[in-house]
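Asker:
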Amino acid sequence: MIPSNHLLKLHSSFNSSIFSNYIYKILSRKHYYNIFSCKVALFASGLVFSTKLVDLAVVATLTTYFTDDSSKYPVGKAAVFGNIREGLSASVEILLTYFSADAYFGHRKIIIHSSVYYINGMVVMCLVSAKLFSKSMILIDIFNIMGVILLAVGKAGVEFSLGTFIADQFRSHKPQPIVNEDRVMARKKVWWGVAWILSVVSSIALIGSWTLTFEITSSVMGMALILFLCGIRFYHQSDEDDDDDDDDDVEYHRPFCVLRVVKASLLKMNMEYPSSSDNFFHNHENQLELQPQLKFLRWLDKAAIIESTCEQNEQEKAGRLCTVTQVKESKFFLKMVPMWIAFFGFGLLLSTGNTFFSEQGNNMYDSLLPVLILQRICEQVCYLYDFLLRKWVPEAKWKQAKIVRFWAGMVFSTFCFAIAWRVEVHRLRIVENEGLLDKPEAIIPMSTFWLAPQFCLLGLMRGLIQDGLEEFMTDQLPDSWENFVPAMNAFVIDGIGSFLGIVCIYGNRSLFANPLNRSGLDKYYQRLTVLTVAVSVYVAVAVFSLPLRKNLGLVDN
């Protein structure tokens, strides 16, 4: 039987996209995809490979590590550590999205510092797995937490900046007016694809103890960082040399300006709405009621009202005055909050499925690999949905159809956890009948294909919701926020969802014990089934209630 951690590597790396068309494009347009046209980007190739290797060999299998190795944590505690890593990575990513516009926090510096954190995280985990602290469980916990935090920060920083940095190197070899962005992105994707293939092969070949895995991955990333540093004098310096002429304009496009708008609106809560558009600060479109025109957000317009008692610059410095652009973009952002709240629940369910489903099948007598592949195939339902949407649905109704897609995903989540609950009840009954309650390493006489329905439904849920969320939010938010959308969605789903998972695990900690056979995982799934029903009803109201859709700006008023 293939070890569970190697199955998780395969699962994390598997992509059911059709490779033949991809390879044909590369061979037929070799000049277009020529990644060797930029010699300095070769210095970053090691980090691309090592990052993918660490992600597959270490990060994707952390929960298994905490239950299998020297820590020997109960499954609930191991899941908490995995969720901490996931949530911190998403939180750090959104902060990096904010600070990356700052000249001091250029992508090159972010890559170097994050790589150091990544390496230190693996070194710390290596020390724990080598049983250097086996006599003190407190020290094991402390060093595991340190390792998880370092891995989270390192992963977020490297993945956030490395792709952008390589694309910048490709751009720097052509004068700006003739840069072909499609060619730049195509070459970056080829680079990424080659690194992905090499890392998959290498991660599967890492058969050995966890200590050896940490030693190899940290050494590979260390050598990759040295190679990256060797090319510093050749790198294009656009990240650090950008001037600050557009700092005010950049400020408009940052989600954090929402807090400034809310503060200014609260300070002017008692003011009357102006009778002339001239009373709004930087009102270039001469609007009297600022877009989007939503009743429950109209009060934010007051942030842009010019007070006659003092100079405009003084009002702005005091945080009492915002531009019309800032107010409008804040309103577009806040109108999506009710939808994002629904995705908190989706993030919780996703983190639960990713953590506990594989643990259920660890000791069953069939391989989990076919089931994991089925899940990945089901995730591609988003492409089928998009095809049918363009074929059968009028373009004027695409926006509403995308909302229905999210609701369908939540309905699948209800069936997913209802089935997972009943399957776990069946598994525990077999364990009890066979006398395996206190034999966590024994093979359970139950096929892993019992888990196929819940894995497939988890894939459908992810495919319908997560893969379409970025496109939907990009349509709803201003164009200037496009760069922030992936980080915000990751924070909502992976960040808040993972932190909610931690809260739920601790709130139900009496259900989790070591070994898994004596845990109350079936009861936990039962409670999540009730939660999915509630979230599905909430999303259904947003989908089918015309007044609410109008208030959210999802249909024309």
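Each residue of the sequence shown is one higher than the last, beginning at -10 in my numbering.
The beta-carbon is built from N, C-alpha and C at its ideal position, and this holds for glycine as well.
Is it right to say Val370 is buried, meaning 16 or more other beta carbons lie within 10 angstroms of its own, or is it exposed?
Answerer: It counts as buried.
Asker: Assign Phe122 to one of three DSSP states: helix, strand, or coil.
Answerer: It is coil, neither helix nor strand.
Asker: With contact counted as at least three CB pairs below 8 Å, one residue from each stretch, are the segment 510 to 524 and the segment 329 to 346 in contact?
Answerer: They touch, by the three-pair rule.
Asker: Identify whether Ile295 lies in helix, strand or coil by the three-state DSSP scheme.
Answerer: Coil at Ile295, not helix or strand.
Asker: How do the segment 490 to 500 and the segment 384 to 392 stand: do at least 3 beta-carbon pairs fall below 8 Å, yes or no?
Answerer: No, the segment 490 to 500 does not touch the segment 384 to 392.
Asker: For Ile294, count neighbouring C-beta atoms within 10 Å of its own C-beta (all shown protein chains included) and say buried if the count is 16 or more, exposed if not.
Answerer: The residue in question, Ile294, is buried, as its Cβ has 16 or more Cβ neighbours within 10 Å.
Asker: Output the boundary residues of the alpha helix (DSSP H) element that contains Gln301.
Answerer: Counting along the chain, the alpha helix (DSSP H) containing Gln301 begins and ends at 301 to 306.
Asker: By the three-class DSSP mapping on this structure, what secondary structure does Ile432 have?
Answerer: Of the three classes helix, strand and coil, the one that applies to Ile432 here is coil, per DSSP.
Asker: In terms of residue numbering, what span does the alpha helix (DSSP H) encompassing Asp44 cover?
Answerer: Run containing Asp44: 34 to 46, per the alpha helix (DSSP H) assignment.
Asker: Kindly indicate which residue of Cys367, Ser508, Ser499 has the alpha-carbon position closest to the one of Leu446.
Answerer: The option with the nearest alpha carbon to Leu446 is Cys367.
Asker: CB Arg74 to CB Val137, shorter than 8 Å?
Answerer: Yes, they are a contact pair.
Asker: Straight-line CA distance for Pro281 to Asp290?
Answerer: Whole-angstrom Cα-Cα distance: 10 Å.
Asker: Let me confirm a value: His96 is counted as buried when at least 16 other C-beta atoms fall within 10 Å, else exposed. Which label applies?
Answerer: His96 comes out buried.
Asker: Less than 8 Å between the CB atoms is what I'm expecting for Ser150 and Ile100, so what's the real figure, rounded?
Answerer: Contact flag correct, Cβ pair sits at about 5 Å.
Asker: Just to confirm my understanding: we take Ser191, look at its own chain, exclude 5 residues before and 5 after, and list those with CB closer than 7 Å. What are they?
Answerer: So the list reads Leu42, once near-sequence residues are dropped.
Asker: Could you check whether the Cβ of Lys291 sits closer than 7 Å to any heavy atom belonging to the ligand NAD?
Answerer: Among the ligands in the structure shown, none appear at all, so the ligand NAD cannot be discussed.
Asker: On a Cα-Cα basis, can you pick out the residue from Tyr513, Thr344, Glu384 that is closest to Val414?
Answerer: Checking every option, the nearest Cα to that of Val414 belongs to Tyr513.
Asker: For Arg416, would you say it is in contact with chain D, using Cβ-to-Cβ distances shorter than 8 Å as the test?
Answerer: Chain labels in this structure do not include chain D; a single protein chain is all it has.
Asker: Among residues of its own chain, excluding the 5 on either side of Ser6, which ones have a beta-carbon nearer than 6 Å to its beta-carbon?
Answerer: For Ser6, the predicted model reports a pLDDT of 45, less than 50, meaning its position is unreliable; a value from the coordinates is still stated below. Result list for Ser6: empty, nothing under 6 Å.
Asker: Under the assumption that Leu527 contacts Ala407 (Cβ atoms under 8 Å), give the Cβ distance between them as a whole number of angstroms.
Answerer: A small fix is needed here, since residue 527 is Tyr in this sequence, not Leu. 18 Å between Cβ atoms; not a contact.
Asker: Quick check on Tyr372: buried or exposed, where buried means 16 or more other Cβ atoms within 10 Å of its Cβ?
Answerer: That one is exposed.
Asker: Return the CA-CA distance between Asp511 and Leu377, expressed in angstroms with no decimal places.
Answerer: One C-alpha to the other measures close to 37 Å.
Asker: Residues in the same chain with beta-carbon distance under 6 Å from Val360, minus the five sequence neighbours each way, listed in chain order, please.
Answerer: The residues are Thr437, Leu440, Ala441, Phe444.
Asker: Could you check what DSSP says for Met212 in three-state terms: helix, strand or coil?
Answerer: If DSSP states are grouped into helix, strand and coil, Met212 belongs with the helices.
Asker: My output table needs one value for Phe269: the three-state DSSP class, helix, strand or coil.
Answerer: Strand at Phe269.
Asker: Between Pro327 and Glu423, what straight-line distance do the alpha-carbon atoms span, to the nearest angstrom?
Answerer: Their backbone Cα atoms lie some 48 Å apart in a straight line.
Asker: Along the alpha helix (DSSP H) that carries Glu421, what are the first and last residues, could you check?
Answerer: Unbroken alpha helix (DSSP H) run through Glu421: 387 to 422.
Asker: Which value, in whole angstroms, describes the spacing of the CA atoms of Lys19 and Phe32?
Answerer: Reliability of the predicted coordinates at Lys19 is poor, the pLDDT of 46 falling under 50, and the value obtained from them is presented with this limitation in mind. The straight-line gap from Cα to Cα measures roughly 21 Å.
Asker: Short check: CB of Ile83 to CB of Met325, under 8 Å?
Answerer: Cβ atoms of Ile83 and Met325: not closer than 8 Å.
Asker: May I have the straight-line CA-CA distance separating Gly452 from Gly398, to the nearest angstrom?
Answerer: C-alpha separation (whole angstroms): 8 Å.
Asker: Figure out for me which residue from Phe461, Val474, Phe404, Asn472 has the closest Cα to the Cα of Leu449.
Answerer: The shortest Cα separation from Leu449 among Phe461, Val474, Phe404, Asn472 belongs to Phe404.
Asker: Is it buried or exposed, Trp470, if we count other Cβ atoms within 10 angstroms and call 16 or more buried?
Answerer: Flag for Trp470 reads buried.
Asker: Among all the DSSP beta bridges, which residues are the ones paired with Met353?
Answerer: DSSP output for Met353 lists Ile433 as bridge partner(s).
Asker: Using the Cα positions of Ile548 and Met435, report the straight-line distance between them to the nearest angstrom.
Answerer: As displayed, the chain neither begins before -10 nor continues past 546, which places residue 548 out of reach and without an answer.
Asker: Compute the Euclidean distance between the alpha carbons of Leu255 and Ser264, then round it to the nearest angstrom.
Answerer: Roughly 20 Å between the two C-alpha positions.
Asker: Spatial neighbours of Ser487 within its chain, please: C-beta separation below 6 Å, excluding the five flanking residues on both sides.
Answerer: These residues qualify, in order along the chain: Asn72, Glu75, Gly76, Ser340.
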